[in-house]
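Asker: Take this structure first; my questions come after.
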Amino acid sequence: MAQINAGAAAYKPFTLRIYDTVVLGLSNKYIWRCPTKNVLLPFFQANTGHNHMDIGVGTGYFPASITKSHPKILQNITLVDLNPNTLTFAANRINRPDTTCINTDVLRPFTIPAQPRFDSISMILLLHCLSGTTKEKGRVFANVKEHLKDDGVLFGATVLGNGVRHSLVTRHILRLYNQKGIFHNHEDDEDGFMKSLEQEFGRVEGHVVGSVLLFRAWQPKR
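Sequential numbering of the sequence shown, starting at 1, is according to UniProt numbering.
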């Protein structure tokens with residue numbers, strides 16, 4: 001089993017039961033100013049392919065929502081996370097026989113047994129929880145591109161700590177989360193992530209909504 005850091009360890013059974021309300025509902029809308037229903041969910045739906053890998057799964061809200069509203073989009077789903085609690089919770093919520101769970105640290109190269117490359121790979125609200133500098137987190141892009149089809153898309157969203165305009169409340173919450181090790185994003189900025197993506201992909205794009213960077217990348221460099 002992969003070693004769990006403080007960011008991943010925060011997702012205990014009780015936390016997962018209130019996650020959708022507190023994080024996806026209140027925090028995304030009022031603190032990070034990037035609403036789930038108006039921004040993140042449509043972003044997820046627009047970029048998800050038939051054979052999909054979701055990294056940093058939380059409660060499984062995003063793939064579960066697509067399964068419910070657009071059941072023909074997702075034909076196979078692979079969940080990847082450092083915390084076995086989230087994998088179990090998300091898999092039970094999605095409730096599909098074609099769901100595969102992988103417990104691993106994406107900062108290191110990893111394998112997916114008996115699985116072809118994916119049409120799409122998502123990492124929604126993941127990177128700000130990972131330990132390390134923005135550049136060190138860029139190793140994730142190098143690791144996951146090996147699992148993406150040549151014509152596939154990697155996409156994600158992360159809360160930035162630097163280079164965006166934060167409210168006074170947001171700054172206090174960011175400071176608290178970083179002190180507790182829930183977030184590791186004090187120096188994370190848009191430019192750093194986009195440069196890391198450009199090193200691994202032929203085409204990238206990103207834009208900021210509130211405190212959140214939304215990014216997409218195509219043409220993985222082999």
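Every residue gets a Cβ at the ideal spot worked out from N, C-alpha and C, and that includes glycine.
Note that the coordinates shown come from a computational prediction; the quantities given were computed from them, not determined experimentally.
1) With contact counted as at least three CB pairs below 8 Å, one residue from each stretch, are the stretch 178-192 and the stretch 97-110 in contact?
2) Let me check one thing: in DSSP terms, what residues is Pro220 bridge-paired to?
3) Below 8 Å on the Cβ atoms is my guess for Asp188 versus Gly161; work out the distance and round it to an integer in Å.
4) Would you identify the three-state DSSP class for Asp119, choosing helix, strand or coil?
5) Cα separation between Arg222 and Ile55?
6) With DSSP collapsed to three states, give me the class of Cys101.
7) Please list the terminal residues of the continuous beta strand (DSSP E) segment that includes Val153.
8) Can you tell me where the alpha helix (DSSP H) with Leu79 in it begins and where it stops?
9) Which residue's Cα is closest to the Cα of Phe62: Ala217, Glu205, Asn38, Val169?
10) Could you spell out where the beta strand (DSSP E) holding Ile55 opens and where it closes?
Answerer: Working from what's here:
1) The stretch 97-110 and the stretch 178-192 do not touch, with fewer than three beta-carbon pairs separated by less than 8 Å.
2) Answer by DSSP bridge pairing, in chain order: Phe201.
3) In this structure Asp188 is in contact with Gly161, their Cβ atoms being roughly 5 Å apart against a cut-off of 8 Å.
4) DSSP places Asp119 within a strand segment (E or B) once states are collapsed to three.
5) In a straight line, the C-alpha of Arg222 is about 21 Å away from that of Ile55.
6) In the three-state DSSP reduction, Cys101 falls in the strand class (E or B).
7) Secondary structure note for Val153: its beta strand (DSSP E) is the uninterrupted segment 148-159.
8) Looking at the DSSP string, Leu79 is not in any alpha helix (DSSP H); the run it does join, the beta strand (DSSP E), is 76-81.
9) The option with the nearest alpha carbon to Phe62 is Asn38.
10) Ile55: member of the beta strand (DSSP E) spanning 51-55, first to last residue.
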